[in-house]
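Chemist: Questions regarding the structure given below will be posed in turn.
Residue numbers (our numbering): 117 to 671.
Structure representation (structure tokens):
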């Protein structure tokens, strides 16, 4: 069968056109009847709404449920019965018989076989659809690699469609069950898939032209398509029987290969769709979180807008103290930060951690944490922002910051020169020098009485280092200050100052920071510190922090 053409596209179309032309009024009556039935079915929901208005739905809840189930079943069965009737009529024309109008509805006994065969066919198709979805929708596959599973899925869908496209004809023609019908279609389409694909393209073009003719042309092209398909089915069956193919009905054991293929298809489809769901969910959540975090930094911290933060805060934010006290404390913190630093100029936000858990009441909640290095008018700040996603909304769970106001140089107070002894009788007051701002001020704000998902419960505190193995492992690397680079003709060394004011000389490989960081590289004007951080999927990835050598103090 694979070595020779098994049917002729031209002959199939010619036979279909000739049959429709000779029986045009018969086919028009069939289509009008089918159209009227489907039209009445589409009006049923409208009639139900008229009989049972929405405001009275509660009084008729049980009848409406039963009626809805009945309508759902009817809407699935009636179109299938009509399709089976059209298929049977088309096959009878191919057998040079004269069908009757009643045959459009008289083969309802085949409905269960047809529906189950359609269900099995749909399961096979889900494998390809799953691969397509995995390619186009998955956030876990980067870049152009998305195209690979998508193309594979499209090829699989096309192959399966061509392989099993004649299972309805096997059900109607021979009364076969689902597995036998699928097997017959598989056998008769061997070696003919390319030609079948070309036939589908031609049929699509024919019906497209029919639709352009004010849809009237479909009265001819639709029955022509049905008859042409039936003619090709008859040709393929005849060719397969000529080559000795066994097209008789088989039991479940003989169809075991199809059972196994069905199980494999279900597994592939379920696995692919689950992967798509999980990866897409994570990807969307991360994108939404980043968008929300950007809005928070631009709308809240850039202008120190405490009211905006309070409006976006989660309930946990206020649970440690009454709402009014929390609001007052937040406004005082923001006022102090605004006086020290002024408005934000630029910021660089870095993703830090992503965690999903369940709240005490069983709801799923997602925590995302970001760290931002911010430059303000009169200094810098490191802000750690924790967001929570619950009930479909993002909220601010908590925050903490380290403020680094620009250091103001201390100059001795200079009194103004007295004017020709006019004011000598009154001793001049000594004006004290304005003390310099503290190099860094640390604020930590509680997310509430509940424990923070990433760090211990936050409180306002002074700059106290966490307990580490060494002093350099007791602070965040962003709190370090690079003050000098040394060179001894072979390698670079760096001098780093910690927030407690102590300085240390370090070299490449030195451990430092709270997250197991090491000095990755020292250049003539910078130090690169590499840490391991988890991304939103929980995968460890390197994160580099660069300390730049300042040539001059910022004023």
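Backbone N, C-alpha and C define an ideal beta-carbon position, used for all residues, glycine too. All values derive from a computational prediction rather than experimental measurement.
Give the DSSP-derived three-state secondary structure of residue 517 in the structure shown.
Modeler: Strand at residue 517.
Chemist: At what residues does the alpha helix (DSSP H) containing residue 284 begin and finish?
Modeler: Note, residue 284: alpha helix (DSSP H), 283-290.
Chemist: Which value, in whole angstroms, describes the spacing of the CA atoms of residue 131 and residue 303?
Modeler: Approximately 24 Å between the Cα atoms of the pair.
Chemist: Counting C-beta neighbours from all protein chains within 10 Å, is the total for residue 616 16 or more, i.e. buried, or is it exposed?
Modeler: By the neighbour-count rule (16 or more Cβ atoms within 10 Å), residue 616 is not buried but exposed.
Chemist: For a test of the three-state rule: what should DSSP assign to residue 618, helix, strand or coil?
Modeler: Correct three-state label for residue 618: coil.
Chemist: Specify whether the region 422-435 and the region 463-477 touch according to this definition: at least 3 beta carbon pairs, one from each stretch, less than 8 Å apart.
Modeler: These segments do not touch.
Chemist: Between the region 194-212 and the region 282-295, can you find at least three pairs of beta-carbon atoms closer than 8 Å?
Modeler: Touching, yes.
Chemist: Mind reading off the beta-carbon distance from residue 511 to residue 503? Whole number of angstroms is fine, and I expect it under 8 Å.
Modeler: About 7 Å; that satisfies the 8 Å criterion.
Chemist: Contact between the region 270-278 and the region 346-363 is defined here as three or more beta-carbon pairs at a separation below 8 Å; is this criterion met?
Modeler: Flag = no, the region 270-278 and the region 346-363 do not touch.
Chemist: Excluding the 5 residues flanking residue 447 on each side, which residues of the same chain have their C-beta closer than 6 Å to its C-beta?
Modeler: Within the same chain, residue 447 has close Cβ partners 422.
Chemist: To which residues does DSSP link residue 647 through a beta bridge?
Modeler: For residue 647, which the question treats as bridged, DSSP gives the partners 659.
Chemist: Can you tell me whether DSSP reads residue 230 as helix, strand or coil?
Modeler: Helix, per DSSP.
Chemist: Would you mind listing the beta strand (DSSP E) stretches within the region 476-515 that are 3+ residues and don't spill past its ends, in chain order?
Modeler: Runs of the beta strand (DSSP E) inside the region 476-515: 480-492 and 495-506.
Chemist: Considering only C-alpha positions, which residue in the set 322, 472 and 291 is nearest to residue 363?
Modeler: Ranking 322, 472 and 291 by Cα distance to residue 363 puts 291 first.
Chemist: Pull up the distance between the alpha-carbon of residue 219 and that of residue 480, whole angstroms please.
Modeler: About 55 Å.
Chemist: So, at 6 Å on beta carbons, what are the nonlocal neighbours of residue 597 in its own chain, with the 5 sequence-adjacent residues on each side left out?
Modeler: Hits under 6 Å: 613.
Chemist: Taking 7 Å as the limit between beta carbons, can you name the residues of its chain near residue 664, skipping five residues before and five after?
Modeler: Same-chain partners within the cutoff: 598, 641 and 642.
Chemist: From which residue to which residue does the beta strand (DSSP E) around residue 597 run?
Modeler: Element bounds for residue 597: 597-603.
Chemist: Residues bridged to residue 465 by DSSP?
Modeler: Answer by DSSP bridge pairing, in chain order: 488.
Chemist: With distances taken from CA atoms, which of 420, 191, 491 and 455 is nearest residue 463?
Modeler: With distances taken between Cα atoms, residue 463 lies closest to 491.
Chemist: Given this structure, state the Cα-to-Cα distance separating residue 494 from residue 430, to the nearest angstrom.
Modeler: Distance between the alpha carbons of residue 494 and residue 430 is about 30 Å.
Chemist: With DSSP collapsed to three states, give me the class of residue 185.
Modeler: Residue 185 falls in the helix class under three-state DSSP.
Chemist: Since residue 644 contacts residue 662 with CB under 8 Å, what's their CB separation in whole angstroms?
Modeler: The pair is a contact, with the Cβ atoms about 6 Å apart (cut-off 8 Å).
Chemist: Could you check the C-alpha separation between residue 379 and residue 299 for me, to the nearest Å?
Modeler: If I take the Cα positions, the gap works out to 15 Å.
Chemist: DSSP three-state call for residue 591: helix, strand or coil?
Modeler: Correct three-state label for residue 591: coil.
Chemist: Please say whether residue 136 and residue 340 have beta carbons closer to each other than 8 Å?
Modeler: Cβ atoms of residue 340 and residue 136: closer than 8 Å.
Chemist: Taking the alpha carbon of residue 293 as the reference point, which residue from 351, 134, 228 and 322 has its own alpha carbon closest?
Modeler: Among 351, 134, 228 and 322, the Cα nearest to that of residue 293 belongs to 228.
Chemist: Alpha carbon to alpha carbon, how far is residue 315 from residue 358? Give it in angstroms, no decimals.
Modeler: Going by the C-alpha atoms only, they are around 23 Å apart.
Chemist: DSSP three-state call for residue 642: helix, strand or coil?
Modeler: Reduced to three states, the DSSP call for residue 642 is strand.
Chemist: So, do the region 149-164 and the region 181-200 have three or more beta carbon pairs nearer to each other than 8 Å?
Modeler: Result yes; three or more Cβ-Cβ pairs closer than 8 Å.
Chemist: At the level of alpha carbons, what is the spacing between residue 233 and residue 240?
Modeler: Those two C-alpha atoms are separated by around 11 Å.
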